Every structure is written in C-alpha cells, then in structure tokens.
Amino acid sequence: MGRRKTLILSVAVLLCILIYWGFYNGLVVRKYIVESRKLNDGESIRIVLITDLHSHIYGENQREIVSIIERQKPDIIALGGDIADDIVPIKGTELLLEGIKTLAPIFYVSGNHEFWTGDISSVKSSIREQGAVILESEYREIKIRSAELIIGGVDDPDIVHYEKPDYNWLGKMNSSFIRLKDAPIYKILLAHRPELIEMYKENNFDLVLSGHAHGGQVRIPLLLNGLYAPNQGWFPKYAGGIYKHGVTTHIVSRGVSYNPRLPRIFNPPEIVVIDIKGIADK
Ligand SMILES: [Fe+2]
Numbered sequence: 449m450g451r452r453k454t455l456i457l458s459v460a461v462l463l464c465i466l467i468y469w470g471f472y473n474g475l476v477v478r479k480y481i482v483e484s485r486k487l488n489d490g491e492s493i494r495i496v497l498i499t500d501l502h503s504h505i506y507g508e509n510q511r512e513i514v515s516i517i518e519r520q521k522p523d524i525i526a527l528g529g530d531i532a533d534d535i536v537p538i539k540g541t542e543l544l545l546e547g548i549k550t551l552a553p554i555f556y557v558s559g560n561h562e563f564w565t566g567d568i569s570s571v572k573s574s575i576r577e578q579g580a581v582i583l584e585s586e587y588r589e590i591k592i593r594s595a596e597l598i599i600g601g602v603d604d605p606d607i608v609h610y611e612k613p614d615y616n617w618l619g620k621m622n623s624s625f626i627r628l629k630d631a632p633i634y635k636i637l638l639a640h641r642p643e644l645i646e647m648y649k650e651n652n653f654d655l656v657l658s659g660h661a662h663g664g665q666v667r668i669p670l671l672l673n674g675l676y677a678p679n680q681g682w683f684p685k686y687a688g689g690i691y692k693h694g695v696t697t698h699i700v701s702r703g704v705s706y707n708p709r710l711p712r713i714f715n716p717p718e719i720v721v722i723d724i725k726g727i728a729d730k
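Residues in the sequence shown are numbered from 449 upward in steps of one, following our numbering.
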C-alpha cells in the first residue's frame with residue numbers, strides 16, 4: 449500500500465473512532481472521592497447520585513440502570529431532580545424507584561421539569577410511595593454504620609412559578625439550614641440547579657449535589673466542558689464535574705438524560721458515585 453493510501457486509511461480509522469467515541473451514549477459510572485475530617489479515619493460512605501432521568505427507560509423495566517446502581521453497593525441513593533419529566537410518561541421514574549427501593553435509603557429533590565408537569569403533588573406521591581424521602585427545604589439526620597450525617601434538600605425554585613406563588617424560596621432555605629451552619633457533623637445538600645451555588649454555600653454545607661446542566665450537552669475532551677446549559681447559557685461554568693467553594697465541595701452530575709433529538713456529544717449519560725472518606729485530624 450502506498451504512503452498516501454496508508455495516510456488516508458489512518459485518518460479514516462481515527463475519524464471513525466472519534467465519531468464512535470463522541471456519540472457514545474451508553475451509561476457510564478463517574479467516580480469522585482471527597483475527604484473529610486468529620487468522619488472517622490478510614491470510614492467511607494458511598495452515595496450514588498442520579499439526576500435528570502427525564503423518565504427515560506434504560507433496558508427492559510430499567511434493568512440496565514438498576515443493575516449498575518446495585519453493583520455500586522450504595523449507602524445512600526440521591527435523586528437530584530428531573531427524574532420525572534413534563535412530556536415523557538412517569539412510568540420510567542416508577543420503574544427506577546421500584547428497582548432501587550431496597551438497595552439503600554433514597555433521598556429526592558424536585559427539578560424544574562417536575563414542576564412543569566403542572567401536577568407536582570402526583571409526581572412526588574409516586575416517588576414517596578416507593579419509600580423515597582422527599583426533601584423540601586428540610587433535612588434528615590442519618591446514621592450509616594458509625595457515621596452520622598445530615599442530608600438536606602431544596603425544591604427547585606420553579607416551585608414559585610408552578611405551585612406556590614407566595615413561596616419565599618431563598619428565605620425558606622436559609623431559615624431551614626442556618627442552624628446547621630456551624631454544626632460539626634458532615635452536611636450534604638441536594639439541590640437540582642448548580643448555578644445557584646452562591647446561595648447554597650452560605651450555609652456551609654460540606655457537599656452539594658446538583659444536576660440540571662446535562663453536561664452542557666456537547667463537550668470536547670480537554671477543551672470544552674459543556675457548550676450550553678439551561679439557566680447558564682453558552683459555555684456554562686457548572687456544566688458537570690467537581691468544584692470547590694471554600695469549605696463546600698460541589699459535585700454536578702451530567703445526568704442520565706437521553707433524547708435522540710438532542711444528542712449528547714463526548715458526554716455520555718452518567719451515574720455518579722461519590723465516596724466520602726474519613727481522614728485523621730492533623
Ligand atoms: Fe433541570
């Protein structure tokens with residue numbers, strides 16, 4: 449084969465690999481480790497974070513996504529909003545909850561699309577019926593093995609436009625969580641929208657978990673972490689990944705949304721696994 453032919457063939461193969469890689473939309477597991485002196489040295493708590501399912505069904509009866517979550521052996525499952533959708537029927541959400549309800553305690557916060565259904569109370573009832581704890585500007589103290597944690601959550605701010613016009617979203621959040629500000633216990637906040645981090649971090653959460661940005665839809669490895677995200681616009685700052693804000697670590701899931709009309713590029717749907725590891729005081 450001539451040199452020219454070899455070159456053309458090499459470029460073609462490379463292009464095929466890039467196209468396959470770019471458009472690969474199978475579920476992936478993205479892992480993060482965060483360390484804290486608030487947990488005993490050597491202790492480790494695993495959270496599986498699922499956001500932005502939009503009721504999509506992965507495999508028969510959600511078997512594919514459920515089996516991945518099960519394999520992670522979570523201590524806590526966090527559902528970070530837009531699990532249900534305003535257009536796609538709720539069946540996919542119910543099947544997910546049905547599949548994971550015995551794996552670990554489940555905590556849920558709403559996302560904007562769930563308010564857009566116009567019937568948020570039905571959505572929450574379906575989720576609550578499967579045993580999930582719905583966090584509406586409130587928190588629970590939980591114990592996983594010997595670790596004590598607080599997990600709080602806020603409704604999506606679209607609550608004001610679609611359910612309770614007089615609801616003071618920010619005031620309610622601050623009044624609910626201000627008492628935790630200096631608590632020496634590890635504190636987690638579930639909040640759908642990542643762009644509101646400046647508000648969440650006021651309450652000194654150790655870890656904030658969000659979704660909503662869908663990874664900015666289009667990514668280019670090493671060059672572009674997201675092209676566009678709702679409420680952040682072009683080149684979103686919080687498209688997905690891990691961010692540090694003083695004492696607060698913010699993890700933004702790229703979500704598990706799948707829409708054949710809106711391809712995700714270099715941005716496969718992701719199940720996020722977070723290990724919180726206790727480290728010794730210096
Ligand atoms: Fe959203």
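Idealized CB from N, CA, C, for every residue including glycine.
Keep in mind that this is a model prediction, so the values were computed, not measured.
Boundaries of the beta strand (DSSP E) in which residue i is found, first to last residue
i, result
"TYR691", "689 to 693"
"ALA460", "Note, ALA460: premise wrong, no beta strand (DSSP E); alpha helix (DSSP H) at 451 to 471."
"ILE722", "718 to 726"
"ILE636", "634 to 638"
"ILE699", "696 to 700"
"SER484", "476 to 484"
"ILE525", "524 to 527"
"SER658", "655 to 658"
Cutoff 8 Å: residue i Cβ touching any chain D Cβ
i, result
"LEU497", "Chain labels in this structure do not include chain D; a single protein chain is all it has."
Test item: CB-CB of residue i and residue j under 8 Å
i, j, result
"ASP604", "GLY559", "yes"
"GLY579", "LYS549", "yes"
"VAL571", "ILE538", "yes"
"ASP582", "TYR556", "According to the sequence displayed, residue 582 carries Ile and not Asp. Closer than 8 Å, so yes."
"LEU543", "ILE505", "yes"
"VAL666", "LEU475", "no"
"GLN510", "GLY547", "yes"
"SER574", "THR541", "yes"
"ILE699", "GLY470", "no"
"ILE564", "ASP534", "The amino acid occupying residue 564 in the given sequence is Trp; Ile does not appear at that position. In contact: TRP564 and ASP534 (Cβ atoms closer than 8 Å)."
"ALA728", "ASP489", "yes"
"PRO716", "TYR468", "no"
"GLU491", "ALA631", "no"
"ARG478", "GLU718", "yes"
For residue i, the first and last residue of its enclosing alpha helix (DSSP H)
i, result
"SER515", "511 to 519"
"ILE495", "Here ILE495 belongs to no alpha helix (DSSP H); instead the beta strand (DSSP E) covers 492 to 498."
"TYR648", "645 to 648"
ask   = What are the start and end residues of each continuous beta strand (DSSP E) run of 3 or more residues lying completely inside the region 579 to 621, in chain order?
value = 586 to 592, 595 to 601
Cβ contact (3+ pairs, closer than 8 Å) linking the region 678 to 690 and the region 457 to 470 = no
task = State whether the region 479 to 487 contacts the region 717 to 729, with contact taken as three or more CB pairs (one from each stretch) at a distance under 8 Å.
result = yes
key: Runs of alpha helix (DSSP H) lying entirely within the region 533 to 587, each at least 4 residues, in chain order   = 539 to 548, 560 to 564, 568 to 577
Meets three-Cβ-pair contact criterion under 8 Å: the region 641 to 658 and the region 693 to 707 = yes
request  = Spell out a yes or no on whether the region 512 to 531 and the region 492 to 504 are touching, meaning 3 or more CB-CB pairs, one atom from each, closer than 8 Å.
outcome  = yes
inquiry  = Under 8 Å: do the region 668 to 682 and the region 618 to 637 share three or more Cβ pairs, one atom per stretch?
reply    = no
inquiry  = Strictly closer than 5 Å from CB to any heavy atom of ligand 1: give me those residues in the order they appear in the chain.
reply    = ASP530, GLY559, ASN560, HIS660
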